[in-house]
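Engineer:
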Ligand SMILES: *[C@@H]1O[C@H](CO)[C@@H](O)[C@H](O)[C@H]1NC(C)=O
Ligand SMILES: *[C@@H]1O[C@H](CO)[C@@H](O)[C@H](O)[C@H]1NC(C)=O
Ligand SMILES: *[C@@H]1O[C@H](CO)[C@@H](O)[C@H](O)[C@H]1NC(C)=O
């Protein structure tokens, strides 16, 4: 039984039957319901059930009904489909089986499929309705069109409705629309003005199904019923923060296309969570049934919201274990977003309002929590209710509690219960909700759970516009979100490896008016964005493992690295007349060598000393030698004095890397002699699939090297013997660059984003310049996979 219809009947009674005032709005008569997209998923899952419920509630109201499922397919194909769906509707528990069967039978007989493709189809429908009214001598109450079709079709259908399906005066027309209503302010405005040419604002019902959730519809009534408790504490002196959270689990199947286009801010924050925020913070209307007043108060909140600055949002993660994200369209794959809003009103000054949503998380739950300040410090009895969080939780459903409820912690007040549709829960199961066990709360829940759509359909029928998004409301919301979305469009999501173990990677923290991810792993915050190429955000800066990171597509990345080296070289030469550069072997730096050789003609090679980071224990003239590669690809192309080149002495006394020959010590001495403080200006490192860097492999007992700058090491792959700079040498450097490129490194990067420093297991984590600076240069393939 629908709450609205009950309310409506109650109102009617109070007003003395079908009073004049009501009759204007809602005279009883025949109602035609048309679901355009009537065999689609939403219709199948919720809409027909909602209309069946409406029909049951209205059976003895004096209204009569026809139901039309409309679609593009011809009737002979779609009719059986529609009836399959209709047969599946069910009655609520209070209806007996017999009666239910009867009602269902009637409902099916009142329903039919109609092809609704061309203007003629709509004209035919109008003609059909007209004839039916005449034949049966019925007055028309109104026509309800539910557009359950993609948004791009709205304007066209609305136009057809206006042109052919308007009822005669005296009857109402209501057209219901589903989100998305545009993807930013501009597109929402365009859509609104297109619709506005066919429909009057009062004829449009924009659905935000969140506004049909029982707990959400109860927010304002709850605030009013408990006004005397809430008034003294509903302000900045008492509220610590407000959190509005919607978490979903892994199941984004079937939703990916939508997600791909819209992302979490557009999908959830701009509409559902923003609406809840306004309900929580708006001034209470004097007359709750006055849609105008409610809307005005809502709009007032929108105009008081401070603009959302870029530091007030964190976005990501890119779930690295799925292929949702195409690297070309990074914005689309933002599965988590946390945004910090503030209201510029004395009442809420500086109160943080957090809007958080994520897909693919640990649990499915939605709630709004008002956390109050608690200034009681408990020295002994920590279990006393005084010591616990003071909070009111509007629990929309799912999660640990499993049912919708309003929870007030017992250290606040006992909420009033006047609504017969709600009851108090006194039998407490052993669950904990947001840090408090259920028995620490006063809990209220609806006596009967109802689907949001069923609820909203009854509101549409009753003409209650409160639960829908007006054009003004919609544009105000986009006005708030659009600037942030455009800032974020050039920013970079964080990578999230997924899985429950990594959950705390998603924790956010508030720092003043900013919001951050708690762990500084792979975050590129928008303010660190740097753009070097004229063509937009091709090179970006951010953080990886608490160090700086530069990221771009491979080619830009290499150019950026080359430019950075050149800049540092020039600075070093200006300052001390010399630049000491230590280069790694491996394949990653080859592109860099080419770049330096072919594009950086002003590089101060004359004053540059080139050192080796590591070397394979093979003769320097062999292909496998790092030095040989370096020579081939770089040194022979630039004008560098031969005595500035410092290959590693891997071959001494006609043998390779023999401890007693002291090659490592020799190189160390050479470094100390040339390099001031043995501190290289620049060390270029790569990282292998096993996370080795230089020739420091997993399992290398790096501690045993002590203070040595150079050591002989063992590689798991041939040639096994290596000579390498140690972490002591690397970490003395003024600048260390870690170059990581290629999709193949993505998995490693994901792992590295969550491991702790452990140089023997993950050698690259040992790179921590003592006084210098580490920068990761990572291409998008490695970063995003
Ligand atoms: C609907 O169509 C009529 C003409 O058929 C037009 O005059 C009117 O402006 C349209 N829009 C509304 C909201 O009635
Ligand atoms: C409240 O608003 C409704 C709808 O606008 C109206 O019908 C009703 O008379 C109002 N009640 C009061 C007490 O003003
Ligand atoms: C050597 O380094 C020290 C400190 O790092 C610095 O004070 C000194 O000027 C440097 N010497 C040269 C010749 O650059």
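Residue numbers (mature numbering (1 follows the signal peptide of the UniProt record, and there is no 0)): -19 to -1, 1 to 766.
Virtual Cβ for every residue (Gly too), placed ideally from N, Cα, C.
1) Closer than 7 Å by C-beta to residue 515: which residues in its own chain qualify, once you throw out the five before and the five after it? Chain order, please.
2) On the three-pair Cβ rule with 8 Å, is the segment 7 to 21 touching the segment 415 to 432?
3) In this structure, does DSSP put residue 663 in helix, strand or coil?
4) Counting C-beta neighbours from all protein chains within 10 Å, is the total for residue 407 16 or more, i.e. buried, or is it exposed?
5) DSSP on residue 204, reduced to helix/strand/coil?
6) Assuming contact is defined by CB atoms lying nearer than 7 Å, are residue 763 and residue 691 in contact in what I supplied?
7) Please classify residue 235 as buried or exposed, where buried requires at least 16 neighbouring CB atoms within 10 angstroms.
8) Taking 6 Å as the cut-off, is the CB of residue 271 close to at least one heavy atom of ligand 2?
9) Between residue 268 and ligand 2, is the CB less than 6 Å from at least one heavy atom?
10) Please report how far the alpha carbon of residue 68 lies from the alpha carbon of residue 85, in whole angstroms.
11) Check the DSSP bridge columns for residue 427 and list the partner residues they point to.
12) By Cβ distance, which residues of its chain are closer than 6 Å to residue 490, with the 5 residues on each side in sequence left out?
13) Report all residues from its chain with a CB closer than 8 Å to the CB of residue 760; omit the five preceding and five following residues, and keep chain order.
14) Report buried or exposed for residue 685, applying the criterion of at least 16 other Cβ atoms within 10 angstroms of its Cβ.
15) Alpha carbon to alpha carbon, what distance is there between residue 530 and residue 281?
16) Alpha carbon to alpha carbon, what distance is there between residue 106 and residue 229?
17) Please state the DSSP three-state secondary structure of residue 569.
18) Measure the alpha-carbon distance for residue 350 versus residue 189 and round it to whole angstroms.
19) DSSP on residue 561, reduced to helix/strand/coil?
20) Closest by CA to residue 197, which one among 643, 255, 382?
21) Taking the C-alpha atoms as reference points, what is the distance between residue 446 and residue 433?
22) Report all residues from its chain with a CB closer than 7 Å to the CB of residue 165; omit the five preceding and five following residues, and keep chain order.
23) Who's in the neighbourhood of ligand 3, going by beta-carbon under 6 Å from any heavy atom, listed in chain order?
24) How about residue 221 and residue 391: do their beta carbons lie closer than 7 Å?
25) Using a strict less-than 6 Å threshold between each residue's beta carbon and the heavy atoms of ligand 1, what residues do you get?
26) Here's the rule I'm using: 16 or more other beta-carbon atoms within 10 Å means buried, otherwise exposed. How should residue 716 be labelled?
27) My parser needs the alpha helix (DSSP H) runs of 4 or more residues fully inside the segment 585 to 649; what are they?
28) Taking all protein chains shown into account, do 16 or more other C-beta atoms lie within 10 angstroms of the C-beta of residue 59, making it buried, or fewer, making it exposed?
29) Are the CB atoms of residue 343 and residue 287 within a distance shorter than 7 Å?
30) Taking the alpha-carbon of residue 399 as reference, which of 378, 425, 374 has the nearest alpha-carbon?
31) Taking the alpha carbon of residue 449 as the point to measure from, which residue in 587, 729, 135, 183 has its own alpha carbon closest?
32) Once you ignore the five residues that flank residue 323 on each side, which residues in its own chain have a CB closer than 6 Å to its CB?
33) Compare the Cα-Cα distances from residue 89 to each of 48, 382, 24, 157 and report the closest residue.
34) Can you tell me whether residue 246 is helix, strand or coil according to DSSP?
35) Apply the 10 Å Cβ neighbour rule to residue 623 and answer buried if 16 or more other Cβ atoms are within range, or exposed otherwise.
Structural biologist: The relevant details are as follows:
1) Taking the first residue of the chain shown as position 1, residue 515 is located at position 534. Reliability of the predicted coordinates at residue 515 is poor, the pLDDT of 31 falling under 50, and the value obtained from them is presented with this limitation in mind. Result list for residue 515: empty, nothing under 7 Å.
2) no
3) For the purposes of this step, residue 663 is taken as the residue at position 682 of the chain shown. Strand.
4) Here residue 407 is taken as the residue at index 426 of the chain shown, counted from 1. Classification for residue 407: exposed.
5) On the chain shown, position 223 is the one that residue 204 refers to. Helix at residue 204.
6) To locate residue 763, count along the chain shown from 1; it is residue 782. To locate residue 691, count along the chain shown from 1; it is residue 710. No, the pair does not count as a contact, with Cβ atoms beyond the cut-off.
7) To locate residue 235, count along the chain shown from 1; it is residue 254. With a pLDDT of 37 at residue 235, under the threshold of 50, the predicted position of this residue should be treated as unreliable, and no value is reported.
8) Locating residue 271 in the chain shown gives position 290, counting from the first residue. At least one heavy atom of ligand 2 is nearer than 6 Å to the Cβ of residue 271, so yes.
9) In the chain shown, residue 268 corresponds to position 287, counting from 1. Result yes, Cβ under 6 Å from ligand 2.
10) Position 87 of the chain shown, counted from the start, is the residue given in the question as residue 68. Position 104 of the chain shown, counted from the start, is the residue given in the question as residue 85. Roughly 8 Å separates the two Cα atoms.
11) What you label residue 427 is simply residue 446 of the chain shown in a count that begins at 1. Paired residue(s): 403.
12) Translated into the one-based positions of the chain shown, residue 490 becomes position 509. 497, 499.
13) Within the chain shown, the letter at position 779 stands for residue 760. Correct list, in chain order: 532, 533, 534, 535, 538, 721, 722, 723.
14) Residue numbering aside, residue 685 sits at position 704 when the chain shown is read from its first letter. Residue 685 is exposed by the Cβ-count criterion.
15) Here residue 281 refers to the residue found at position 300 when the chain shown is read from its first residue. Here residue 530 refers to the residue found at position 549 when the chain shown is read from its first residue. Between residue 281 and residue 530, the C-alpha separation is close to 42 Å.
16) Residue 229 sits at position 248 when you count from the first residue of the chain shown. Residue 106 sits at position 125 when you count from the first residue of the chain shown. Those two C-alpha atoms are separated by around 41 Å.
17) Residue mapping note: residue 569 aligns to position 588 of the chain shown, counting from 1. Coil at residue 569, not helix or strand.
18) Counting from one through the chain shown, the residue named residue 350 turns up at place 369. Counting from one through the chain shown, the residue named residue 189 turns up at place 208. A straight-line Cα-Cα distance of about 20 Å links residue 350 and residue 189.
19) Residue mapping note: residue 561 aligns to position 580 of the chain shown, counting from 1. Reduced to three states, the DSSP call for residue 561 is strand.
20) In the chain shown, residue 197 corresponds to position 216, counting from 1. Out of 643, 255, 382, 255 has the C-alpha closest to the C-alpha of residue 197.
21) Taking the first residue of the chain shown as position 1, residue 446 is located at position 465. Taking the first residue of the chain shown as position 1, residue 433 is located at position 452. Their backbone Cα atoms lie some 15 Å apart in a straight line.
22) Within the chain shown, residue 165 is the residue found at index 184, counting from 1. So the list reads 459, 463, 466, once near-sequence residues are dropped.
23) 557, 657, 658
24) For this step, residue 221 is matched to residue 240 along the chain shown. For this step, residue 391 is matched to residue 410 along the chain shown. Cβ atoms of residue 221 and residue 391: not closer than 7 Å.
25) 143, 144, 178, 179, 180, 181
26) Along the chain shown, read from residue 1 onward, the residue named residue 716 stands at position 735. Residue 716 is buried by the Cβ-count criterion.
27) Within the segment 585 to 649, the complete alpha helix (DSSP H) segments at least 4 residues long are 607 to 614, listed from N- to C-terminus.
28) Within the chain shown, the letter at position 78 stands for residue 59. The residue is buried, with at least 16 neighbouring Cβ atoms inside 10 Å.
29) For the purposes of this step, residue 287 is taken as residue 306 along the chain shown, with counting starting at 1. For the purposes of this step, residue 343 is taken as residue 362 along the chain shown, with counting starting at 1. Not in contact: residue 287 and residue 343 (Cβ atoms no closer than 7 Å).
30) On the chain shown, residue 399 is found 418 positions in, with the first residue counted as 1. Minimum Cα distance to residue 399 is reached at 425.
31) In the chain shown, residue 449 corresponds to position 468, counting from 1. Here the closest residue by C-alpha is 183.
32) Translated into positions along the chain shown, residue 323 becomes position 342. Contacts found: 287.
33) Along the chain shown, one-based indexing puts residue 89 at 108. Measuring from the Cα of residue 89, the nearest candidate turns out to be 48.
34) The residue you call residue 246 lines up with position 265 of the chain shown. In the structure shown, residue 246 sits in a helix (DSSP, three-state: H, G or I).
35) Here residue 623 is taken as the residue at index 642 of the chain shown, counted from 1. Exposed, by the Cβ-count rule.
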